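Chains as they are written, first to last, in the working numbering: chain Z, 1131 to 1243; chain G, 383 to 497.
Heads up, the beta-carbon is just placed ideally off N, CA and C, and yes, glycines get one too.
Remember, it's a predicted structure, so these values are computed and weren't measured experimentally.
Written as structure tokens, this is what we have:
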């Protein structure tokens, strides 16, 4: 089973920040949080990942709570092209099964004009 | 930097036929993964290669499925005696092994339809 919980859908007005939450209350010390998104008929696109510090890149920011039990992906200025399913995934870096990504159902983000 | 390339993008075949898909990973990525995605679901892991060695296989990978990566570069996924339930998107991803947390980068998949 997926180790994360995400809302099934969210709306965001174009130009506003999109804040996508993810709960991962059973995360262990060596597990990273990864975010991917998938636009219809395309493969998943890597967005960002982190362990315990907040991270930012050209696409998004990732805020991880101090207890690491939840995180938020922030798209600072959402555009119509950000409409997609967003997946939050936790993955360890060692041991059997650590190489695979376990996808849940994700959050369907709709950016509205 | 060219991304992960998959061929063909679409495949339609009759039940019982064999099909083969190809994946070309990002250059110098020594790790390669196959996933399957059915409608409305997230991708599910099938198998993983490091260089030419197949190191992990999911229970989803029945004996009708075989994956190879003979020279540690491109990979093929073959399905023998296809069944209706094999209809899905087959995704390939690749990553480096430098560091313990390198992200996987996906291709746009091969969509398989079984008539």
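- DSSP, reduced to helix, strand and coil, places residue 1192 (chain Z) within a strand of the structure shown.
- Sixteen is the threshold: when 16 or more other Cβ atoms of the shown chains lie within 10 Å of the Cβ of residue 429 (chain G), as they do, the residue is buried.
- Within the same chain, and ignoring the five residues on either side of residue 410 (chain G) in sequence, the residues whose Cβ sits closer than 8 Å to its Cβ are 478.
- Between residue 1173 (chain Z) and chain G, the shortest Cβ-Cβ separation is below 8 Å.
- In the three-state scheme derived from DSSP, where H, G and I count as helix and E and B as strand, residue 1141 (chain Z) is classed as strand.
- In the structure shown, residue 1211 (chain Z) adopts helical secondary structure according to DSSP, grouped into three states.
- Note on residue 1137 (chain Z): under 16 other CB atoms within 10 angstroms of its CB, so exposed under the neighbour-count rule.
- Contact check for residue 399 (chain G) against residue 492 (chain G) fails: the beta carbons are separated by 8 Å or more.
- By a beta-carbon distance limit of 8 Å, residue 438 (chain G) does not contact residue 451 (chain G). Their separation comes to about 13 Å.
- About 11 Å separates the Cβ atoms of residue 1204 (chain Z) and residue 1142 (chain Z), ruling out a contact at the 8 Å cut-off.
- Three or more beta-carbon pairs drawn from the region 1210 to 1217 of chain Z and the region 1155 to 1170 of chain Z are found closer than 8 Å, and the two stretches are therefore classed as touching.
- Residue burial is scored here from C-beta neighbours: residue 476 (chain G) has at least 16 other C-beta atoms within 10 angstroms and is therefore classed as buried.
- Under a criterion of Cβ atoms nearer than 9 Å, no residue of chain Z is adjacent to residue 454 (chain G); the nearest Cβ is some 16 Å distant.
- A Cβ of chain Z is located within less than 8 Å of the beta carbon of residue 488 (chain G).
- Listed along the chain, the chain G residues whose CB falls inside 7 Å of the CB of residue 1217 (chain Z) are 424.
- Burial state of residue 1161 (chain Z) is buried, judged by a 10 Å Cβ sphere holding 16 or more other Cβ atoms.
- Among the residues of chain G, those whose CB is under 7 Å from the CB of residue 1236 (chain Z) are 424, following chain order.
- Just so you know, the alpha carbons of residue 1187 (chain Z) and residue 1181 (chain Z) end up roughly 15 Å apart.
- Checking the DSSP bridge columns, you'll see residue 1240 (chain Z) partnered with Z:1141.
- Within the same chain, and ignoring the five residues on either side of residue 1179 (chain Z) in sequence, the residues whose Cβ sits closer than 8 Å to its Cβ are 1162, 1163, 1164, 1165, 1185 and 1192.
- Sequence-ordered contacts of the region 462 to 476 of chain G with chain Z read 473 [C-beta pairs closer than 7 Å].
- Contact between residue 413 (chain G) and residue 466 (chain G) does not hold, since the beta-carbon distance rounds to 32 Å and is not under 8 Å.
- Distance from the CA of residue 448 (chain G) to the CA of residue 431 (chain G), rounded to the nearest whole angstrom, comes to 12 Å.
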